[in-house]
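Chemist:
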Amino acid sequence: MADIIKDEKFTADVLLNLLSETTDDYLYMWDIQNGTFYISDNAYEDLDISRLIEQDVVTSWSGIMVREDLEPWLKDMQMIQDGIKDYHDMEYRVCNKSGRVIWVSCRGTVKKDGSGRPLFMIGRISNIGKQNKFDNVTGLMNRSQFEQDIKALVGTETAANGVIVVLDIDDFKNVNEKYGYAFGDRALNLLSTLISAMLPKGCRLYRLDGDEFVFLVKDGTRETVRGIYENIQMFIGSHFTVEGHQILISLSAGACFFPDDASTYQKLFRNAENAVEIAKMNGKNQLVFFSEEMYQQKLRNMELRESLHACVKDGFSQFELFYQPQVDAVTGAVTGAEALLRWHSPEHGEVPPSEFIPLLEESRLITQVGAWVLEESARQFQIWSRYKEDFSMSVNVSYIQLKDNALLEYLKDGQWGDLPVGQMVLELTESCWVPNLHFLNQEFEELRGMGYGIAIDDFGTGYSSLSHLKELPANVLKVDRSFVTGIHQGSYEYIFLEYIIKLAHSIGLKVCVEGVETEEEFDIVKQTQPDYIQGYLFGRPVSASGFEKLYL
1 MADIIKDEKF TADVLLNLLS ETTDDYLYMW DIQNGTFYIS DNAYEDLDIS RLIEQDVVTS
61 WSGIMVREDL EPWLKDMQMI QDGIKDYHDM EYRVCNKSGR VIWVSCRGTV KKDGSGRPLF
121 MIGRISNIGK QNKFDNVTGL MNRSQFEQDI KALVGTETAA NGVIVVLDID DFKNVNEKYG
181 YAFGDRALNL LSTLISAMLP KGCRLYRLDG DEFVFLVKDG TRETVRGIYE NIQMFIGSHF
241 TVEGHQILIS LSAGACFFPD DASTYQKLFR NAENAVEIAK MNGKNQLVFF SEEMYQQKLR
301 NMELRESLHA CVKDGFSQFE LFYQPQVDAV TGAVTGAEAL LRWHSPEHGE VPPSEFIPLL
361 EESRLITQVG AWVLEESARQ FQIWSRYKED FSMSVNVSYI QLKDNALLEY LKDGQWGDLP
421 VGQMVLELTE SCWVPNLHFL NQEFEELRGM GYGIAIDDFG TGYSSLSHLK ELPANVLKVD
481 RSFVTGIHQG SYEYIFLEYI IKLAHSIGLK VCVEGVETEE EFDIVKQTQP DYIQGYLFGR
541 PVSASGFEKL YL
């Protein structure tokens with residue numbers, strides 16, 4: 001037995017492993033003077049370390065530590081070896097054998113000789129990720145810890161000023177679907193490291209749920225937050241590669257200031273989440289600052305959506321079609337009308353189309369409402385075409401109706417009787433045409449084959465790709481009012497309008513100029529020789545009965 005005890009390594013190993021059977025912690029002993037290090041066997045089973053740690057603990061342990069945590073740890077180790085400190089107490093992140101980052105708490109006590117020289121340190125390393133404090137994918141502190149930290153800053157008499165910023169990765173589910181969830185976890189791990197490196201000193205990143213992160217900046221300003229976000233945006237966009245795969249990543253962000261925007265954790269976090277939601281609704285890859293007006297608009301949108309659902313369920317009783325005249329550019333005679341949807345809501349009053357049409361599209365109600373609009377406008381067209389044989393009816397259609405194949409199927413199944421469909425014109429905005437060119441061409445070629453006219457609405461405001469004009473199965477270009485406002489002979493608007501009209505005519509397209517409101521505008525616009533004009537100068541949108549009385 002005495003011989004066994006003399007074997008120092010055997011004794012250290014046996015003691016550490018015997019003791020480790022009574023705990024989940026990793027027990028260790030570091031012989032500082034001889035440089036040897038002993039750690040219980042469960043550490044080798046769990047962590048990404050080799051037996052080389054027994055000869056060089058600093059190099060081996062540094063190899064599994066997260067880079068941001070390494071410098072303070074090395075500094076602490078040097079102070080212990082120099083005899084400046086006689087204890088060790090730190091929390092930091094290391095990688096386990098599966099490649100996941102875990103948070104550990106490392107504590108140890110140093111034994112010195114009579115002259116103060118450090119002899120050895122004994123202690124234990126605890127996996128504190130089990131304490132519901134850290135995220136085991138990224139190693140960041142989690143939502144629970146963020147809640148504790150933010151509550152310590154707000155809602156008290158000595159509350160600090162600052163801002164929390166929620167970051168949400170746009171369409172990260174695509175990464176998981178393409179490469180798998182294990183790859184997605186590694187991407188999140190790397191992304192969190194990159195974002196953390198872009199934050200100011202003392203600013204901590206937390207992982208919330210899934211692909212959502214948050215950080216807080218004490219005494220932060222709009223300029224500070226915008227600068228941080230733009231740096232992250234620029235760096236991630238050009239440097240994000242995982243295991244040799246270049247991944248396209250963008251981030252939506254929402255910021256909320258305390259105590260100005262909220263004085264409690266619940267309201268502060270809710271407001272920041274609302275701002276992120278608005279950022280995503282507005283096209284993603286952008287930063288939105290919370291405002292009370294924005295929040296009230298969100299609540300209004302929720303109420304409007306509920307009312308729209310009720311309206312559709314009630315047989316579209318609150319909807320009505322108004323009609324705006326389209327006139328011959330030379331004679332000023334009415335040649336047709338554009339059907340425009342109006343909503344007379346008992347709860348909300350007259351809701352403008354710019355507010356409720358996007359909600360119809362988001363909720364996919366546009367498919368049902370769009371069919372109703374076609375039915376109503378076709379019914380009205382049948383009546384008015386008897387008064388005026390060459391009368392045309394323009395109806396706006398949504399990309400959602402086309403994408404869901406609802407419009408084509410509906411028109412194929414429609415019972416239009418003796419309706420002259422050749423004078424029914426379906427309008428789709430330019431911003432929907434160009435990015436979906438191939439798909440829409442197929443759809444509209446079928447519609448043209450059925451006899452319908454096709455118009456590109458709001459031309460000039462979207463992609464304005466003139467090279468695509470000859471590829472589009474359209475009959476009419478409708479030029480947006482933005483090219484009429486402030487027009488005068490020789491101006492950019494005038495030259496653009498004249499050029500577009502000549503180009504359109506050369507490939508057999510008619511042109512309707514929208515938004516003509518004054519005699520001066522009309523005098524200039526007609527010199528560019530469009531085919532039709534539409535605008536307040538010739539008539540505002542009115543009810544069906546009003547249109548008949550005024551124009552038919």
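Residues 1 to 552, numbered by full-length UniProt numbering, are exactly what the sequence shown covers, in order. Ideal placement from N, C-alpha and C gives every residue a C-beta, glycine not left out.
(1) Roughly how many angstroms lie between the CA atoms of Asp457 and Leu308, to the nearest whole one?
(2) Would you tell me roughly how many angstroms separate the C-alpha atoms of Tyr44 and Tyr229, rounded to the nearest one?
(3) Going by CA-CA distance only, name the one from Tyr387, Ser394, Asn127 that's closest to Pro541.
(4) Can you tell me the Cβ-Cβ gap for Met121 and Trp30, rounded? I've got them flagged as a contact below 8 angstroms.
(5) Which residue from Leu340, Glu430, His438 puts its Cα closest to that of Asn396?
(6) Put Ile518 into one of helix, strand or coil per three-state DSSP.
(7) Let me make sure I understand the geometry here. Which of Glu493, His438, Gln380 has the alpha-carbon closest to that of Gly546?
(8) Verify the CB distance criterion: does Gln296 have a CB-CB separation below 8 angstroms to chain D?
(9) For Asp211, which residues from the same chain have a beta carbon less than 6 angstroms from its beta carbon, with the 5 sequence-adjacent residues on both sides left out?
(10) What is the rounded straight-line gap between the Cα of Lys549 and the Cα of Trp343?
(11) How about Ser252 and Ala279: do their beta carbons lie closer than 8 angstroms?
(12) Distance check for Tyr452 and Glu443, CA to CA, integer angstroms please.
(13) Going by the beta-carbon positions, is the gap between Leu52 and Ser60 smaller than 8 angstroms?
(14) Specify, as a first and last residue, the run of the alpha helix (DSSP H) that Phe394 falls within.
(15) May I ask you to report which of helix, strand or coil DSSP gives Phe183?
(16) Kindly list the residues whose CB is nearer than 7 angstroms to the CB of Arg107, restricted to its own chain and excluding five residues on each side of it in sequence; keep chain order.
(17) Between which two residues does the beta strand (DSSP E) carrying Cys95 extend?
(18) Tell me, please, whether the segment 321 to 333 touches the segment 515 to 532 by the rule of three or more beta-carbon pairs shorter than 8 angstroms.
(19) If we count the other Cβ atoms within 10 Å of its Cβ and call it buried at 16 or more, is Phe483 buried or exposed?
(20) Are the segment 292 to 299 and the segment 265 to 275 touching by the rule of at least three beta carbon pairs closer than 8 angstroms?
(21) In terms of residue numbering, what span does the beta strand (DSSP E) encompassing Thr59 cover?
(22) To the nearest angstrom, report how far apart Ala378 and Ile195 are at their CA atoms.
(23) Please report the distance separating the alpha-carbon of Lys284 from that of Ser250.
(24) Taking the continuous beta strand (DSSP E) assigned at Phe213, which residues delimit it?
(25) What residue from Asp209, Leu248, Gly202, Val137 has the CA that sits closest to Val166's CA?
(26) What is the DSSP secondary structure of Thr485, counted as helix, strand or coil?
(27) Nearest by alpha-carbon distance to Gly83: which of Lys112, Ser62, Arg100, Ile64 is it?
(28) Just the Cα atoms here: how many angstroms apart are Asp218 and Leu268?
(29) Just verifying my parser: in three-state terms, what is the DSSP assignment at Leu341?
(30) Based on the DSSP secondary-structure assignment, which residues constitute the bridge partners of Glu350?
(31) Helix or strand or just coil, what does DSSP make of Gln423?
(32) According to the Cβ coordinates, are Val373 and Leu304 closer than 8 angstroms?
(33) So who's on the other strand from Cys256, going by DSSP bridges?
(34) Determine the direct distance from the alpha carbon of Lys412 to that of Leu537, and round the result to whole angstroms.
(35) Excluding five sequence neighbours on each side, which residues of the same chain lie with their C-beta closer than 8 angstroms to the C-beta of Gly449?
(36) How long is the line joining the alpha carbons of Leu437 and Arg93, rounded to whole angstroms?
Modeler: On the basis of the data shown:
(1) 25 angstroms
(2) 40 angstroms
(3) Ser394
(4) 5 angstroms
(5) Leu340
(6) Contrary to the premise, residue 518 reads as Thr rather than Ile in this sequence. Looking at Thr518 - three-state DSSP - the assignment turns out to be coil, as it is neither helix nor strand.
(7) Gln380
(8) Among the protein chains of the structure shown there is no chain D, as only one such chain exists.
(9) Ile169, Phe172
(10) 22 angstroms
(11) yes
(12) 12 angstroms
(13) yes
(14) Per the sequence shown, residue 394 should be read as Ser rather than Phe. No alpha helix (DSSP H) contains Ser394, which is instead part of the beta strand (DSSP E) from 392 to 396.
(15) helix
(16) His88, Asp89, Gly123, Arg124
(17) 87 to 95
(18) yes
(19) buried
(20) yes
(21) Note, Thr59: premise wrong, no beta strand (DSSP E); alpha helix (DSSP H) at 57 to 62.
(22) 56 angstroms
(23) 8 angstroms
(24) 212 to 218
(25) Asp209
(26) coil
(27) Lys112
(28) Residue 218 is actually Lys in this sequence, not Asp. Approximately 14 angstroms between the Cα atoms of the pair.
(29) strand
(30) His344
(31) helix
(32) no
(33) Ile164
(34) 37 angstroms
(35) none
(36) 50 angstroms
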